[in-house]
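Engineer: If you use my numbering, the first sequence corresponds to residues 50 to 251, in order.
All C-beta atoms, glycine included, are put in the ideal place defined by N, C-alpha and C.
Before anything else, here's the structure in question.
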Amino acid sequence: MRSGAACCFRRRRAKDLFGDILPRSFYNRDAVTVARSLLGKILVHETCAGIITEVEAYLGEGDLAAHTTAGITDRTRVIFGAPGHAYVYLSYGMHECLNVVAEAEGQAGCALIRALVPVAGVDLMRTRRPASKTDRDLTSGPGKLTQALGINRSHYGADLTQGPLTIRNQRNEANFTFEVTPRIGITKSADLPLRFIARIVP
DNA sequence: CGTTAGATTTCCT
DNA sequence: GGAAATCTAACGT
């Protein structure tokens with residue numbers, strides 16, 4: 050079943066939906082602010098794009114669920130680097146998940162993109178995700194959306210302010226209602242309200 | 001429609 | 001060595 054909002058967006062030309070690329074300063078803030086502010090923005094990879102509707106924040110200090118709780122390793126190095134870059138990791142040995150690096154250089158903190166509403170390149174997404182039975186299913190999870198958009202660990206460290214992978218403002222902002230809940234799929238620091246969801250109001 | 005088990009490999013202890 | 005920021009198919013209701 051396709052949602053009404055997704056149908057409306059699909060009819061428009063993609064370029065009419067995309068605004069400016071978010072600047073580095075957008076990401077140079079605390080992880081919670083960055084995560085919340087990403088809701089309603091548009092993740093663009095080459096010809097595919099989707100509105101960000103679910104994000105989780107992972108903090109630098111005192112967050113035992115964050116990968117950076119183990120300190121700087123080969124995997125987590127980028128999270129301690131300059132903001133506005135991509136942290137892509139392999140989850141459960143199968144799924145690649147996309148994070149956005151927040152906080153000033155030298156500080157850990159990132160935002161996990163957990164769900165999108167497809168707005169461009171939907172046909173290509175369908176071919177990349179033959180398992181999807183509905184269009185909502187294309188990008189309704191962190192591993193799903195990377196598969197649909199063709200994002201993988203080769204994008205580790207990619208600069209989100211230029212190049213093929215960017216996040217942009219939405220030209221015609223839709224109406225959203227917002228929700229905050231604990232994060233999904235973790236056991237440590239599991240009670241913190243760091244999962245942010247936007248529901249598009251028809 | 002809701003719940004559950006299994007897949008599969010990287011990473012850190 | 002074991003847990004892991006998940007997804008899917010298969011089953012039961």
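(1) For arginine 178, which three-state DSSP category applies?
(2) Determine the direct distance from the alpha carbon of proline 251 to that of serine 140, and round the result to whole angstroms.
(3) Within the same chain, show all residues whose beta-carbon is closer than 7 Å to that of arginine 217, passing over the 5 residues directly before and after it, in chain order.
(4) Based on DSSP bridge pairs, tell me the residues matched to proline 191.
(5) So, do the segment 200 to 211 and the segment 127 to 142 have three or more beta carbon pairs nearer to each other than 8 Å?
(6) Using only the alpha-carbon positions, how far apart do lysine 107 and glycine 199 sit?
(7) Can you give me the start and stop residues for the alpha helix (DSSP H) that threonine 82 sits inside?
(8) For the putative contact between glycine 109 and glutamine 156, defined by C-beta atoms under 8 Å, what is the C-beta separation to the nearest angstrom?
(9) Buried or exposed, going by whether 16 or more other CB atoms sit within 10 Å of the CB of lysine 182?
(10) Please go through the same chain and pick out, in chain order, the residues whose beta-carbon is closer than 8 Å to the beta-carbon of proline 231, but skip the five residues on each side of it.
(11) Excluding the 5 residues flanking proline 191 on each side, which residues of the same chain have their C-beta closer than 8 Å to its C-beta?
(12) Between valine 166 and glycine 212, which are expected to be in contact by the criterion C-beta below 8 Å, what is the C-beta distance as a whole number of angstroms?
(13) Measuring alpha carbon to alpha carbon, tell me which residue in Asn224, Val83, Leu214 and Glu228 is nearest alanine 153.
(14) Should glutamate 103 be labelled buried (16 or more other beta-carbon atoms within 10 Å of its own) or exposed?
(15) Output the boundary residues of the beta strand (DSSP E) element that contains tyrosine 107.
(16) Determine the burial state of leucine 197: buried for a count of at least 16 other Cβ atoms within 10 Å of its Cβ, exposed for fewer.
(17) Between which two residues does the beta strand (DSSP E) harbouring serine 74 extend?
(18) Is it buried or exposed for phenylalanine 75, if we count other Cβ within 10 angstroms and need 16 for buried?
(19) What did DSSP end up calling cysteine 219 once you bin it into helix, strand or coil?
Structural biologist: Inspection of the coordinates gives the following:
(1) coil
(2) So the two alpha carbons sit approximately 33 Å from each other.
(3) Phe67, Gly68, Asp69, Ile70, Leu71, Lys90, Ile91 and Val93
(4) None; proline 191 has no bridge partner.
(5) Enough Cβ pairs lie closer than 8 Å, so yes.
(6) Reading off the sequence shown, one finds tyrosine at residue 107, where the question assumed lysine. One C-alpha to the other measures close to 24 Å.
(7) Run containing threonine 82: 80 to 87, per the alpha helix (DSSP H) assignment.
(8) 5 Å
(9) So lysine 182 ends up on the exposed side.
(10) Ala239, Asp240, Leu241, Pro242, Leu243 and Arg244
(11) Ser140, His144, Cys146, Leu147, Leu161, Ile162, Arg163 and Ala164
(12) Their Cβ separation, rounded to whole angstroms, is 23 Å, which puts valine 166 and glycine 212 out of contact at 8 Å.
(13) Val83
(14) When all chains shown are included, glutamate 103 counts as buried.
(15) 97 to 108
(16) What sits at residue 197 in the sequence shown is alanine, not leucine. Burial call: buried.
(17) No beta strand (DSSP E) contains serine 74, which is instead part of the alpha helix (DSSP H) from 73 to 76.
(18) By the neighbour-count definition (other C-beta atoms within 10 Å, threshold 16), phenylalanine 75 is a buried residue.
(19) Looking at the sequence itself, residue 219 is glutamine, so the reference to cysteine does not match. If DSSP states are grouped into helix, strand and coil, glutamine 219 belongs with the strands.
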